[in-house]
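Remarks on the structure that follows.
Residue numbers (our numbering): 110 to 274.
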């Protein structure tokens with residue numbers, strides 16, 4: 110148990126240090142995973158299309174586009190993937206914030222007492238989405254460094270724990 114805790118702590122510390130020094134790697138890894146999923150989804154859809162009795166041209170088009178988009182993303186640079194991941198996350202957070210704002214306003218009109226808390230979180234989500242959207246590189250650096258710091262903290266904790274066992 111002591112050795113396992115020590116080695117896992119050292120490994121987490123080293124990976125955290127690497128991610129802190131190379132912050133785009135974190136978001137690029139997420140991008141490559143998403144790209145691989147899109148590519149595999151396209152391949153799977155194409156196989157389902159070829160084995161289907163009733164073939165839809167739209168299903169074939171979706172399959173081919175997924176394969177092409179997956180290949181483009183898989184062959185992209187780490188910086189491009191980092192920006193793409195941050196941009197997608199920014200739009201998702203922004204749209205979620207807008208929908209939350211609409212829901213909060215409807216809650217306020219209906220007389221719910223927690224509507225202000227709902228509206229506050231909507232405004233924060235909109236602001237975060239705008240920040241991510243207009244600063245994708247800075248956001249990728251922040252996310253990469255934060256992930257690195259968290260892993261380093263886990264590593265130090267694991268190492269400290271191994272000496273206390």
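By construction, the Cβ of each residue, glycine as well, lies at the ideal position given by its N, Cα and C atoms. Keep in mind that this is a model prediction, so the values were computed, not measured.
Local conformation of residue i per DSSP, three classes
i: residue 226; result: helix
i: residue 184; result: coil
beta-carbon residue i near the ligand FMN non-hydrogen atom, thresh 7 Å
i: residue 228; result: No copy of the ligand FMN appears in this structure; indeed no ligand is present at all.
Proximity of residue i and residue j at Cβ, strictly below 8 Å
i: residue 191; j: residue 140; result: yes
i: residue 195; j: residue 248; result: yes
i: residue 179; j: residue 147; result: yes
i: residue 121; j: residue 255; result: no
i: residue 152; j: residue 176; result: yes
i: residue 133; j: residue 188; result: yes
Residue i classed as buried or exposed, judged by whether at least 16 other C-beta atoms fall within 10 angstroms
i: residue 135; result: buried
i: residue 166; result: exposed
i: residue 209; result: buried
i: residue 272; result: exposed
i: residue 252; result: buried
i: residue 220; result: exposed
i: residue 128; result: buried
i: residue 184; result: exposed
Segment limits, alpha helix (DSSP H) that includes residue i
i: residue 220; result: That residue, residue 220, is in no alpha helix (DSSP H); it is neither H nor E in DSSP.
i: residue 164; result: Per DSSP, residue 164 belongs to no alpha helix (DSSP H) and is neither H nor E.
i: residue 261; result: 245-273
i: residue 117; result: 111-130
Neighbourhood of residue i by C-beta, 8 Å cutoff - its chain only, sequence neighbours within 5 removed
i: residue 207; result: 231, 235
i: residue 154; result: 168, 171, 172, 175
C-beta neighbour in chain B for residue i, strict 8 Å
i: residue 261; result: The structure shown has no chain B; it contains just one protein chain.
Cβ neighbours of residue i in the same chain (closer than 7 Å, five flanking residues each side left out)
i: residue 119; result: 264, 268
Contacts around residue i, its chain only, beta-carbon distance under 6 Å, and the 5 residues preceding and following it disregarded
i: residue 199; result: 238, 241, 242
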